[in-house]
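Trainee:
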Amino acid sequence: MTKEEKIARYSKLNQEVVPGKNAMANKAVQELAERHHAKYIDINDPLKDRDGNLKAEYTIEGMHIKEEGYRAIFDLFMGYAKEPRWNV
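Under the UniProt record's numbering, the sequence shown is numbered contiguously, ending at residue 88.
#1: Starting from residue 89, follow the alpha helix (DSSP H) in both directions and report where the run begins and ends.
#2: When the Cα atoms are used, what is the spatial distance from K55 to D49?
#3: Quick one: using the 10 Å Cβ neighbour count with 16 as the cut-off for buried, is L32 buried or exposed?
#4: Report the option in G79, Y70, F74 and N44 whose CA atom is closest to the CA atom of K21.
#5: Grouping DSSP H, G and I as helix and E and B as strand, with all else coil, what is K27?
#6: Please confirm whether A72 and P46 have their CB atoms less than 8 Å apart.
#7: Between which residues of its own chain and K66 is the CB-CB distance below 7 Å, once the five residues before and five after are set aside?
#8: Whole angstroms are fine: how far does the CA of M63 sit from the CA of R9?
#9: Quick one: what's got a C-beta closer than 7 Å to D42's C-beta in the same chain, skipping five residues either side?
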């Protein structure tokens with residue numbers, strides 16, 4: 001399979017399958033956090049474009065996250081860690 005074919009395959013999966021599965025998994029994790037009075041941080045939101053897809057600058061082929069995506073997640077976590085209510 002060529003690189004272009006892989007990109008097309010992952011792009012189709014990313015648009016048709018992944019958002020629904022991610023949404024279900026995120027909802028389950030959010031509900032679990034609420035039941036245990038834990039903070040839920042949606043790491044997907046800052047990675048999405050206006051259409052809800054993974055931003056091009058954060059992905060290799062439309063599905064897997066590259067370093068820039070992990071940096072965005074890290075920065076999100078650090079923002080929460082620096083909030084006064086977390087520094088007990």
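Don't be surprised by glycine CBs; every beta carbon is placed ideally from N, CA and C.
Only a predicted model underlies this, so the values are computations on that prediction, with no experimental measurement involved.
Mentor: So, from the listed chains and residues:
#1: Outside the displayed span of the chain (1 to 88) sits residue 89, for which this structure offers no information.
#2: 5 Å
#3: exposed
#4: Here the closest residue by C-alpha is N44.
#5: In the three-state DSSP reduction, K27 falls in the helix class (H, G or I).
#6: yes
#7: Y58, T59 and I60
#8: 10 Å
#9: N26
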